[in-house]
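Take a look at the structure below.
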Amino acid sequence: MAVEMLSYIDRQSPIHRLTGVTKLICFLIWSSIAMLTYDTRILVFLFLFSICVFIVSKVKLKEVAFVLLFILLFLMINNLAIYVFSPQEGVKIYGTSHVLFEISERYTITLEQLFYQLNVTLKYFTVIPAAILFIVTTNPSEFAASLNRIGISYRISYSVALALRYIPDIQRDFRNISMSQQARGIDMSRKEKLPKRIKNAASIIVPLILSSLDKIEVISNAMELRGFGKNKKRTWYRARPFQKIDVLTLILFAFILLVSLYVTFVDGNRFYNPFL
Amino acid sequence: MKKPVIQFQNYSFQYRSQAKPTLHDINLTLYEGEKVLIVGPSGSGKSTLGHCINGLVPFSYKGEVSGSLKIMGEDVRELDIFSLSKKVGTVLQDPDGQFIGLTVAEDIAFALENDCIPQTQMFAKVAEVSKMVEMEHYLDSSLHHLSGGQKQRVSLAGVMVDEVEILLFDEPLANLDPATGKYAIELIDRIQQDTNKTVVIIEHRLEDVLHCPVDRIIVVDNGRIVSDLTPDELLASPVLEECSIREPLYVKAAKYAGCEITAEMQPTHIDSFQVDGCKDQLIDWFEKVDPPLPKVKTESVLELKEITFGYTPKQQTIHGVSFSIEKGEMVSIVGKNGAGKSTLSKLICGFEKPSSGRIYYRGKDISEDTIKERASRIGMVMQNPNQMISKQMIYDEVALGLVIRGVPEAEIKERVWQTLKICGLYPFRNWPISALSFGQKKRVTIASILVLEPEVIILDEPTAGQDFRHYSEIMEFLVELNRQGVTIIMITHDMHLMLEYTPRALVIAGGAKIADDTAVNVLADSKLIIEANLKETSLFELATRVGISEPKEFVNRFIAYDREVRQKWQ
Numbered sequence: 007m008a009v010e011m012l013s014y015i016d017r018q019s020p021i022h023r024l025t026g027v028t029k030l031i032c033f034l035i036w037s038s039i040a041m042l043t044y045d046t047r048i049l050v051f052l053f054l055f056s057i058c059v060f061i062v063s064k065v066k067l068k069e070v071a072f073v074l075l076f077i078l079l080f081l082m083i084n085n086l087a088i089y090v091f092s093p094q095e096g097v098k099i100y101g102t103s104h105v106l107f108e109i110s111e112r113y114t115i116t117l118e119q120l121f122y123q124l125n126v127t128l129k130y131f132t133v134i135p136a137a138i139l140f141i142v143t144t145n146p147s148e149f150a151a152s153l154n155r156i157g158i159s160y161r162i163s164y165s166v167a168l169a170l171r172y173i174p175d176i177q178r179d180f181r182n183i184s185m186s187q188q189a190r191g192i193d194m195s196r197k198e199k200l201p202k203r204i205k206n207a208a209s210i211i212v213p214l215i216l217s218s219l220d221k222i223e224v225i226s227n228a229m230e231l232r233g234f235g236k237n238k239k240r241t242w243y244r245a246r247p248f249q250k251i252d253v254l255t256l257i258l259f260a261f262i263l264l265v266s267l268y269v270t271f272v273d274g275n276r277f278y279n280p281f282l
Numbered sequence: 066m067k068k069p070v071i072q073f074q075n076y077s078f079q080y081r082s083q084a085k086p087t088l089h090d091i092n093l094t095l096y097e098g099e100k101v102l103i104v105g106p107s108g109s110g111k112s113t114l115g116h117c118i119n120g121l122v123p124f125s126y127k128g129e130v131s132g133s134l135k136i137m138g139e140d141v142r143e144l145d146i147f148s149l150s151k152k153v154g155t156v157l158q159d160p161d162g163q164f165i166g167l168t169v170a171e172d173i174a175f176a177l178e179n180d181c182i183p184q185t186q187m188f189a190k191v192a193e194v195s196k197m198v199e200m201e202h203y204l205d206s207s208l209h210h211l212s213g214g215q216k217q218r219v220s221l222a223g224v225m226v227d228e229v230e231i232l233l234f235d236e237p238l239a240n241l242d243p244a245t246g247k248y249a250i251e252l253i254d255r256i257q258q259d260t261n262k263t264v265v266i267i268e269h270r271l272e273d274v275l276h277c278p279v280d281r282i283i284v285v286d287n288g289r290i291v292s293d294l295t296p297d298e299l300l301a302s303p304v305l306e307e308c309s310i311r312e313p314l315y316v317k318a319a320k321y322a323g324c325e326i327t328a329e330m331q332p333t334h335i336d337s338f339q340v341d342g343c344k345d346q347l348i349d350w351f352e353k354v355d356p357p358l359p360k361v362k363t364e365s366v367l368e369l370k371e372i373t374f375g376y377t378p379k380q381q382t383i384h385g386v387s388f389s390i391e392k393g394e395m396v397s398i399v400g401k402n403g404a405g406k407s408t409l410s411k412l413i414c415g416f417e418k419p420s421s422g423r424i425y426y427r428g429k430d431i432s433e434d435t436i437k438e439r440a441s442r443i444g445m446v447m448q449n450p451n452q453m454i455s456k457q458m459i460y461d462e463v464a465l466g467l468v469i470r471g472v473p474e475a476e477i478k479e480r481v482w483q484t485l486k487i488c489g490l491y492p493f494r495n496w497p498i499s500a501l502s503f504g505q506k507k508r509v510t511i512a513s514i515l516v517l518e519p520e521v522i523i524l525d526e527p528t529a530g531q532d533f534r535h536y537s538e539i540m541e542f543l544v545e546l547n548r549q550g551v552t553i554i555m556i557t558h559d560m561h562l563m564l565e566y567t568p569r570a571l572v573i574a575g576g577a578k579i580a581d582d583t584a585v586n587v588l589a590d591s592k593l594i595i596e597a598n599l600k601e602t603s604l605f606e607l608a609t610r611v612g613i614s615e616p617k618e619f620v621n622r623f624i625a626y627d628r629e630v631r632q633k634w635q
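Heads up: the sequence lines are chains Z and D, in that order.
Numbering-wise (our numbering), the first sequence opens with residue 7 and increments by one.
Numbering-wise (our numbering), the second sequence opens with residue 66 and increments by one.
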């Protein structure tokens, strides 16, 4: 079929070889750091590091390009919004004001503001590739097995895996439905006014939900007929034991976490201030 | 004495949501190692009967049970769905929907995982079972990349790992192309012979299942068992006709010719069928029946010129396909699963853009037109009605396209009612769609396209999942539309449908057009049949065996005659 966004991409790479648990923990560590810190040095380091990981994973940029662009669009909107609503946030944070040029008093562009927004952007850039990588390099079934291993009930683990597995299916359905509805004259393009477009979207969402509900009925019957939910435990065909590479990765990430926490909070401030 | 494995005694069942019982007073015993076919029209209760055997009734679908059902000597009421699943393995109708794992091996192992079998034993068992269904080389393939027949073999393997005693197949032929369906029936037969399991097949395509021998056929209608006979006895009886289940075509032809079919003639399979006694009658009949009228040529309404397309730039799905459809034609597009038939219809409707080639409508190039612009001329009805329905009420659903186009309300009402009348849905116009059967929903979707008055309608598997009566109804309805001037293109797996209703067939294989001929000629070409995964019709063989010199003409006349007979049903 055509492009399938955000589904598992099977490759041979060290990243793919890591167990799902390792990847999940690393991803959680990664995002906590990125959320906590505004320290530019750490963010730059994480960003460069994530690019390296991306290259190692052998996932091609164009395979995730669409999602990436989509998020970048939001990032841009976010940046604009920050500027519109809080144009002097940077000045407040860094305590100095290096004026570049003036538009109006409120919207004076300062170096501090630019620097602050650069940091916000960097935060996005560190988390997004990691999140995408996590999704596309983790085999859903293996991920479920991993979740189960770290103590989450297998029913929940399996639902997560199923959800991941159905992403491409639902995308395919969505495309088919949207086309057949467009053929009936429902215009989703920019030619239509926004309120009408939202109303029109309902005519795609409803069949999508209905056909998904059908699917859920079939799959839950199929699962029950094959004994899912019978025992308290289950084994996993795809389960993989922890290997040296997993342990090493976890240690490395724990180390990165500690270092970044130290660097971030050593001077009692989450921000790295180059203006002092 | 044979050991009974399934015993229904005065068994009745009523779904909680329904006013009347679906099954009445069922008394039925199936024995170990038997191969039994359950047939019946849609809504007859045959699927419910299957659900009772595998435990979905009453454990998943709740309702009122009376009487008793014993599986392997144990009362179902004292079991649960899990212990039942160790005895009865079910292969569901839609192989896509029932896959749980991502790869072949995982899916086969699913039941083992739930039984907490250690990983190493799982590997061994999966390897063993996959060999049995000839899928051992695909263990790591993604399920999405398999063909329809392969998918079905995987789901069969998935239930066989459990060492079940009873194998239950719910409409195994529904989504398969003819040749794959034939293979599936052979595979079921082989596995049954190798393992001596009890096999229950629920299916309404009788002739296709009878390709391999079955011990008994149970006919279900209106929630009751109407007959329980051997295939030979059943075909000699009038039961099938009464329940409007399609008889094998060679039997039907002999009946039309006025022959009396008896069990001694062994009508179960065309090869065993003793036709000597009714040779003369068949030849007589052939000479008496009028040949169908040839169609007059009209102008071209839709033309494809050298269409090439690929979902990715490197992989071409469609290779230089050209054809022209004339106004008022009824054409079928056939070919194996994944040959590119659906892609072709998407290209015609503008859902996808060809990488090269042009599409003409009445001689005008429409290659650059948008989906919406094309939609007023070419309507597309998708296979799954749930993918099209977006309103709760039938009237609103059918009116949707007109409302959006800003048609005045009075006119909408008139056109919608008119369309509903044509589609036989007028009495239901104020019903919620959720109360309709699958076949009725299908008609709603056809109505919602028809109301826009397109000149060409493309239907993807218009009769999938329909029993013979509904099949005839839908098809006669389409013929009627066709008579009113609508050009109809159908994408189908159903050889009967192609033969009966579409004088012309386009055969697609591997993304290229390999034939464009009359349906009868296509099915008379054995090379083409193999290449496109089609299936020959038993009528040819009957004609040859009787000694009719023009078997194609025999097929033509049979079809014309048969349709006339069936039109009287309505």
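Note that CB positions come from ideal geometry on N, CA and C, so glycine has one too.
Could one say the Cβ of residue i lies closer than 8 Å to chain Z's Cβ atoms, at least one of them?
{"i": "C308 (chain D)", "result": "no"}
{"i": "P497 (chain D)", "result": "no"}
{"i": "T155 (chain D)", "result": "yes"}
{"i": "S150 (chain D)", "result": "yes"}
Which residues in chain Z have a C-beta closer than 7 Å to the C-beta of residue i? List them in chain order.
{"i": "F338 (chain D)", "result": "Within chain Z, no residue comes near F338 (chain D); the closest Cβ sits about 38 Å away, beyond 7 Å."}
{"i": "E178 (chain D)", "result": "R240, T241, W242 and Y243"}
{"i": "G466 (chain D)", "result": "R190 and G191"}
State yes or no: is the beta carbon of residue i nearer than 8 Å to at least one beta carbon in chain D?
{"i": "L267 (chain Z)", "result": "no"}
{"i": "I176 (chain Z)", "result": "no"}
{"i": "A150 (chain Z)", "result": "no"}
{"i": "F234 (chain Z)", "result": "yes"}
{"i": "N154 (chain Z)", "result": "no"}
{"i": "D45 (chain Z)", "result": "no"}
{"i": "E230 (chain Z)", "result": "yes"}
{"i": "S37 (chain Z)", "result": "no"}
{"i": "R161 (chain Z)", "result": "no"}
{"i": "D220 (chain Z)", "result": "yes"}
{"i": "N125 (chain Z)", "result": "no"}
Can you tell me which of the options puts its alpha carbon nearest to the alpha carbon of residue i?
{"i": "A580 (chain D)", "options": "D:D242, D:L599 and D:Y626", "result": "D:L599"}
{"i": "Q123 (chain Z)", "options": "Z:H104, Z:L153 and Z:S92", "result": "Z:S92"}
{"i": "N182 (chain Z)", "options": "Z:S217, Z:T144, Z:R171 and Z:F149", "result": "Z:S217"}
{"i": "E395 (chain D)", "options": "D:I624, D:I383 and D:T583", "result": "Note that residue 395 (chain D) is Met in the sequence shown, not Glu. Ranking the options by Cα distance to M395 (chain D), first place goes to D:T583."}
{"i": "D273 (chain D)", "options": "D:K506, D:T245 and D:P359", "result": "D:T245"}
{"i": "L42 (chain Z)", "options": "Z:A207, Z:V105 and Z:L267", "result": "Z:L267"}
Can you pull the chain D residues whose beta carbon is under 7 Å from the beta carbon of residue i, in chain order?
{"i": "K239 (chain Z)", "result": "C181"}
{"i": "D193 (chain Z)", "result": "K437"}
{"i": "V212 (chain Z)", "result": "S455"}
{"i": "M185 (chain Z)", "result": "F416 and I436"}
{"i": "R171 (chain Z)", "result": "L167"}
Which residues share a DSSP beta bridge with residue i?
{"i": "L232 (chain D)", "result": "D:G154 and D:V264"}
{"i": "F277 (chain Z)", "result": "Z:Y44"}
{"i": "I383 (chain D)", "result": "D:F374"}
{"i": "G444 (chain D)", "result": "D:I522"}
{"i": "R281 (chain D)", "result": "D:V101"}
{"i": "K429 (chain D)", "result": "D:Y426"}
I want to verify the contact list: residues of chain Z whose CB lies under 8 Å from the CB of residue i, in sequence order.
{"i": "E171 (chain D)", "result": "S147, Y243 and R244"}
{"i": "Q217 (chain D)", "result": "Those within 8 Å of Q217 (chain D) in chain Z number zero; the least Cβ separation is about 13 Å."}
Since residue i meets chain D, which of its residues come closer than 8 Å, beta carbon to beta carbon?
{"i": "L216 (chain Z)", "result": "N451 and I454"}
{"i": "I224 (chain Z)", "result": "The displayed chain sequence assigns Val, not Ile, to residue 224 (chain Z). Under the 8 Å cutoff, chain D gives L157, D159, G162 and Q163."}
Residue i touches chain Z at which residues, Cβ-Cβ below 9 Å?
{"i": "K440 (chain D)", "result": "Going by the sequence as given, residue 440 (chain D) is Ala instead of Lys. Near A440 (chain D) (Cβ distances below 9 Å), the residues of chain Z are Q188, A189, R190 and G191."}
{"i": "G422 (chain D)", "result": "Going along chain Z, no residue has its Cβ under 9 Å from G422 (chain D), so there is no contact; the nearest lies around 19 Å."}
Can you give the Cα-Cα distance for residue i and residue j, rounded to whole angstroms?
{"i": "M7 (chain Z)", "j": "H210 (chain D)", "result": "The pLDDT assigned to M7 (chain Z) is 37, lower than 50, so where the model puts this residue is not dependable; a value taken from the coordinates is nonetheless given after this. Spanning the two alpha carbons is a distance of roughly 10 Å."}
{"i": "V90 (chain Z)", "j": "M82 (chain Z)", "result": "12 Å"}
{"i": "G105 (chain D)", "j": "F619 (chain D)", "result": "29 Å"}
{"i": "V27 (chain D)", "j": "L546 (chain D)", "result": "A question about residue 27 (chain D) goes unanswered here, because the residues of chain D that appear run from 66 up to 635."}
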